[in-house]
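Reading through the structure tokens given below for one structure.
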Amino acid sequence: MKNKIIEKIGFLFLFLCIAITLFFLATIVYFVVSRGLPALSWEFLTEAPRKSMTAGGVAPAIIGTFYLIVGTILFALPLGLATAIYLCEYSPRGYFVSIIRMSINNLAGVPSVVFGLFGLAVFVKYCGFGVSILSGSLTLSILILPGIISASQEALTAVPFSLREASLALGATHWQTIKRVVIPTAFPGVLTGVILGIGRAAGETAPILFTAATFFTRDYPSSPLSECMALPYHIFALMTEGSHPDQQAVIAYGCALILMVLVFMVSGIAIYLRKRFRQAFTH
Amino acid sequence: MIRFKEALYRWIFTVMAFTSLFFLLGIIIVLLREGLPILMAVGPFKFLSGVHWYPTYDPAEFGIFPLIIASLSVAIGAMVVAVPLGVGSALYLHELAGERIRHILKPAVEILSAVPSIVFGFFGMMIVAPFVQKIFHVPTGLNAFTAAVVMGIMAIPTIASLTEDALGFVPRSFKEASYALGASRWQTLIKIVLPAAGSGVSTAIILGMSRIVGETMTVLMVSGGAAVIPHSIFDPVRPMTSTIAAEMGEAVTGSLHYSALFAIGLVLFLMTLTLNIISENISKKYRIKLGLDR
Amino acid sequence: MIDTTVKLARIAVENLNFFYGKKQALQDLNLNIFDRQVTALIGPSGCGKSTFIRLLNRMNDLTPDTRAEGRIILDGKNILDPKIDVVNLRRRVGMVFQKPNPFPKTIFQNIAYGLEINGETDKNLIENKVEESLKKAALWDEAKDRLNDSALRLSGGQQQRLCIARCLAVEPEVILFDEPCASLDPISTKKIEELIGELKKDYTIVIVTHNMQQASRVSDYTAFMYLGDLVEFGTTEKLFTVPKNKRTEEYLSGKFG
Chain A
1 MKNKIIEKIG
11 FLFLFLCIAI
21 TLFFLATIVY
31 FVVSRGLPAL
41 SWEFLTEAPR
51 KSMTAGGVAP
61 AIIGTFYLIV
71 GTILFALPLG
81 LATAIYLCEY
91 SPRGYFVSII
101 RMSINNLAGV
111 PSVVFGLFGL
121 AVFVKYCGFG
131 VSILSGSLTL
141 SILILPGIIS
151 ASQEALTAVP
161 FSLREASLAL
171 GATHWQTIKR
181 VVIPTAFPGV
191 LTGVILGIGR
201 AAGETAPILF
211 TAATFFTRDY
221 PSSPLSECMA
231 LPYHIFALMT
241 EGSHPDQQAV
251 IAYGCALILM
261 VLVFMVSGIA
271 IYLRKRFRQA
281 FTH
Chain B
284 MIRFKEALYR
294 WIFTVMAFTS
304 LFFLLGIIIV
314 LLREGLPILM
324 AVGPFKFLSG
334 VHWYPTYDPA
344 EFGIFPLIIA
354 SLSVAIGAMV
364 VAVPLGVGSA
374 LYLHELAGER
384 IRHILKPAVE
394 ILSAVPSIVF
404 GFFGMMIVAP
414 FVQKIFHVPT
424 GLNAFTAAVV
434 MGIMAIPTIA
444 SLTEDALGFV
454 PRSFKEASYA
464 LGASRWQTLI
474 KIVLPAAGSG
484 VSTAIILGMS
494 RIVGETMTVL
504 MVSGGAAVIP
514 HSIFDPVRPM
524 TSTIAAEMGE
534 AVTGSLHYSA
544 LFAIGLVLFL
554 MTLTLNIISE
564 NISKKYRIKL
574 GLDR
Chain C
578 MIDTTVKLAR
588 IAVENLNFFY
598 GKKQALQDLN
608 LNIFDRQVTA
618 LIGPSGCGKS
628 TFIRLLNRMN
638 DLTPDTRAEG
648 RIILDGKNIL
658 DPKIDVVNLR
668 RRVGMVFQKP
678 NPFPKTIFQN
688 IAYGLEINGE
698 TDKNLIENKV
708 EESLKKAALW
718 DEAKDRLNDS
728 ALRLSGGQQQ
738 RLCIARCLAV
748 EPEVILFDEP
758 CASLDPISTK
768 KIEELIGELK
778 KDYTIVIVTH
788 NMQQASRVSD
798 YTAFMYLGDL
808 VEFGTTEKLF
818 TVPKNKRTEE
828 YLSGKFG
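Take a look at the structure:
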């Protein structure tokens, strides 16, 4: 009898844990949506800020975030996919593999602000790219590299070995097999990693703080070497700079809503794709 | 010709695969190179143990002890929030939720982990901080306590989802053996399943801790920013990450202040590296213990 | 009595030994595989028949930590020679696997694949070749209206015939079948067996099977292997009716295996 009661209490506790967790999620979503929605309008999405950040839209920040994402994927995808291909296809048990795996694991744990420092010292200063989309994209791409690698690796290992055998038995070379059979088959899985990477790159602030972002530019970025506004940084700047905190807070809510919708959509798609991809290879 | 092409591709991939190592080494080199001047000027021990952080005063003082204390106190506070909730949620998902509910809740928890840290920071600043200020009658809601709560919420998904994975690896036979001896579900869960997944769970906790120590934007917005050793959990603090983020903009390139911020980055890097290595070693042993080879 | 020496030996295996690490899997194999004949390899699981067949187009290269000694001569060249071009070898010695393994592409693309990797770009030629291969593999009538469907939507037996068609399109000289019917139903199995009977007019065929009836139905020559040894080799007719070795007799009569 006593056991029964303990069990009841225990299970109630577990239920409370998940309920509280979901409650937090719901609260965040509720506040961001309910206060962000009034800020949203066509003008908000398509126009530049006016009247020292108290009116107008956030279009330059949206565009900036978009450029940063594109740049980041442009660098991270080839590198990440190539690393995964090396690990899965060329050298599954080579000498270097443990060193590379160790590097990837530890790179994944580096704090985002440290990436920012690295980007500042190397891309902004040493390479002379300045505070720019290029510097920011490079910095962000190192940040999401481990994620792209591990998603690609998962996708490549899910490709049945029998397909590689079939291709090789037809007289295809190793590279032909990788290019024409393995990569296309693994593609949806790689895509999942890319999409998750997009979500990450869109939301990160610390790495672009000193490498790409600026609070305000009237002009849209004209080249990879221009600095840019970005949604996450814009929220931060609105909350910590400027002289009209109340009006700025409304705009910040709007930005947070856009960012959250973007990130949720992206992770939703990625989770869905991953599920489909996993099902495709479990007979 | 074909052989040459094949060899060429192998080389290209080998070289590209080494970029991760290259970046990791690059980070270490950059942090050391840029951080060295301040360590030479102040001395590494005084840098770490100094209690005064006045980088812009004349003469400037560079002691990061208060920043380390701030980082640790916020991290520990966050773990107090995140560990029970994260592990509890994982246990619920693993044991109590039916297939259908699990298929809804697990993605929901994963999505919580996708919320950008800036949104958490913003939420903390706008909603949690005023709330804390009112409830506890403190001068400011932006303090260590608020930071710990918000960061704790942030860390729940990481801990919950890694813990859930670890619970999933526990062989069914353990559970069945326990039931066969007449143990209840709760007893089996707490006395058999959770300990069997123990190292997996501790890996999850350490990784969560590492995330929190390295988290920047949230603490920057909600921790209050005072670079002094806190006397109460309701005092404003300035963790290492937010110091770097807040001050890099005004630090002159090449100055001691600039160098000091990189040196903080180095300390931060070493702390998270240590945590990651510990968790990796635990998880390696754990895999061997349960016979999950990799 | 058939005089085996009159037939042309397409592949000659001489003193072949094979090791997985330190474990020896094949011991001193010697046999001839004759041109345009079906040679069946039978024996209980683990006797080395699959290991052997995979050596004939060097698929064993994919298994790490293995070593082969001796010679396998194909048209005067030792294919175990590390300097030999395995890509070219595999174009000449095709293989059909135990489980059908079509690529997750369309039926057409599956067959065109082998041509394209050989640098064929002429679309008409590829189309003709696809049709020809499907006809040879007795799949044309079932597949001609759905060439652009995913190959994964074919039934198991159809998939296996697609794999055969894919192999034929590369125009190999030798085709290796590694238990091609192991995962198929009796009707599909019958179709594949008939197909093999057709194909031997043009190709030299080696088939691994653990189904003795199948070996007796499709093959001209049979090799019985046991624990890495080649116990007996001869015409299928003789091996099945008057086996020379006691172990062969016991295996054929179902005493073990």
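Quick note, the sequences are listed as chains A, B and C, same order.
Take the first sequence: its position 257, counted from the start at 1, is 257 in my numbering, and no numbers get skipped.
Take the second sequence: its position 95, counted from the start at 1, is 378 in my numbering, and no numbers get skipped.
Take the third sequence: its position 103, counted from the start at 1, is 680 in my numbering, and no numbers get skipped.
For glycine and all other residues, C-beta sits at the position ideal for the given N, C-alpha and C.
Query: Output the boundary residues of the alpha helix (DSSP H) element that contains Lys2 (chain A).; Result: Lys2 to Gly36
Query: Hey, out of B:Ala365, B:Ala479, B:Glu378 and B:Trp469, whose CA is closest to Ile442 (chain B)'s CA?; Result: B:Ala365
Query: In chain order, what residues of the segment 216-242 of chain A put their CB closer than 7 angstroms to some CB of chain B?; Result: Pro232, Ile235, Phe236 and Met239
Query: What separation, rounded to the nearest whole angstrom, lies between the Cα atoms of Asn564 (chain B) and Thr557 (chain B)?; Result: 11 angstroms
Query: When the distance is taken between beta carbons, is Ala602 (chain C) closer than 8 angstroms to Asn805 (chain C)?; Result: Note that residue 805 (chain C) corresponds to Gly in the displayed sequence, not to Asn. Contact flag set, yes.
Query: By the 10 Å Cβ neighbour count, where 16 or more other Cβ atoms means buried, how is Pro338 (chain B) classified, buried or exposed?; Result: buried
Query: Using only the alpha-carbon positions, how far apart do Leu702 (chain C) and Gly691 (chain C) sit?; Result: 13 angstroms
Query: Look at the Cβ atom of Ile301 (chain A), then the Cβ atom of Pro221 (chain A), and state whether they are nearer than 8 angstroms.; Result: Absent from the structure is residue 301 (chain A), since the part of chain A shown begins at 1 and ends at 283.
Query: Closer than 7 angstroms to a non-hydrogen atom of the ligand SAM - does that hold for the CB of Glu750 (chain C)?; Result: The ligand SAM is absent from the structure shown, which contains no ligands of any kind.
Query: Name, please, each residue of chain A whose Cβ falls closer than 7 angstroms to the Cβ of Val398 (chain B).; Result: Ile28, Met260 and Val263
Query: Thinking C-alpha only, which one of C:Glu704, C:Glu756 and C:Ile769 is nearest Gly734 (chain C)?; Result: C:Ile769
Query: Of all the residues that make up the segment 641-668 of chain C, which are near chain A by a beta-carbon distance shorter than 9 angstroms?; Result: Pro641, Val663, Val664, Asn665, Leu666, Arg667 and Arg668
Query: If you draw a straight line from the alpha carbon of His283 (chain A) to that of Gln614 (chain C), how long is it in whole angstroms?; Result: Residue confidence for His283 (chain A) is low, a pLDDT of 43 falling below 50, so the modelled location carries little weight and cannot support an answer.
Query: Starting from Pro757 (chain C), find everything on chain A with Cβ-Cβ shorter than 9 angstroms and list it in chain order.; Result: Result: empty, since nearest Cβ-Cβ is about 13 angstroms, beyond 9 angstroms.
Query: With a cut-off of 8 angstroms on the beta carbons, I'd call Ile269 (chain A) and Glu393 (chain B) a contact; round off their distance for me.; Result: Going by Cβ atoms, the distance from Ile269 (chain A) to Glu393 (chain B) rounds to 13 angstroms, so no, they are not a contact pair.
Query: Take Ala249 (chain A) and list the residues in its own chain whose beta-carbon comes closer than 8 angstroms to its own, dropping the five residues that flank it on each side.; Result: Leu238 and Met239
Query: I want to see whether chain A comes within less than 8 angstroms of Gly598 (chain C), judged by CB atoms only; does it?; Result: no
Query: With distances taken from CA atoms, which of B:Gly326, B:Ser506, B:Arg521 and B:Leu450 is nearest Gly424 (chain B)?; Result: B:Ser506
Query: Give the DSSP bridge partners of Phe837 (chain C), in chain order.; Result: What is shown of chain C runs 578 to 834, which leaves residue 837 (chain C) out entirely.
Query: Please identify the residue among A:Arg274, A:Ile20, A:Gly199 and A:Val110 whose C-alpha is closest to the C-alpha of Ile436 (chain B).; Result: A:Ile20
Query: Answer yes or no: does any C-beta atom of chain B fall closer than 8 angstroms to that of Val122 (chain A)?; Result: yes
Query: Do the segment 442-453 of chain B and the segment 468-483 of chain B make contact, defined as three or more Cβ pairs closer than 8 angstroms?; Result: yes
Query: Expressed to the nearest angstrom, what Euclidean distance is found between the alpha-carbon atoms of Thr211 (chain A) and Ile527 (chain B)?; Result: 13 angstroms
Query: Using CA atoms only, rank isn't needed, just tell me which of A:Ala84, A:Phe129 and A:Phe115 is closest to Arg101 (chain A).; Result: A:Ala84
Query: If you drop the 5 nearest sequence neighbours on each side, which residues of the same chain put their C-beta closer than 7 angstroms to that of Ser578 (chain B)?; Result: Beyond the ends of chain B as shown, which are 284 and 577, falls residue 578 (chain B); an answer cannot be given.
Query: Put Met323 (chain B) into one of helix, strand or coil per three-state DSSP.; Result: helix
Query: Quick check on Leu170 (chain A) - is its C-beta less than 8 angstroms from some C-beta in chain C?; Result: yes
Query: Assuming the contact rule is C-beta atoms closer than 8 angstroms, Val664 (chain C) and Thr177 (chain A) should be a hit. Round their C-beta distance to whole Å, please.; Result: Not confirmed; about 10 angstroms, so no contact.
Query: Between which residues of its own chain and Met492 (chain B) is the CB-CB distance below 7 angstroms, once the five residues before and five after are set aside?; Result: Ala358, Met362 and Leu558
Query: List the residues of chain B that Glu7 (chain A) touches, going by C-beta distances under 7 angstroms, in chain order.; Result: Ser467, Arg468 and Trp469
Query: What is the DSSP secondary structure of Phe337 (chain A), counted as helix, strand or coil?; Result: Nothing can be reported for residue 337 (chain A), as the shown portion of chain A is limited to 1 through 283.
Query: Look up Thr157 (chain A) in the DSSP assignment and give the residues it is bridged to.; Result: Paired residues: none, contrary to the question.
Query: Sort out for me which residues DSSP pairs Arg50 (chain A) with in a bridge.; Result: A:Ala55
Query: List the residues that DSSP assigns as beta-bridge partners of Lys577 (chain C).; Result: What the structure shows of chain C is the stretch from 578 to 834, and residue 577 (chain C) is not part of that stretch, so it cannot be assessed.
Query: Quick check on Arg316 (chain B): buried or exposed, where buried means 16 or more other Cβ atoms within 10 Å of its Cβ?; Result: exposed
Query: Can you tell me which of the three DSSP states Gln686 (chain C) falls into?; Result: helix
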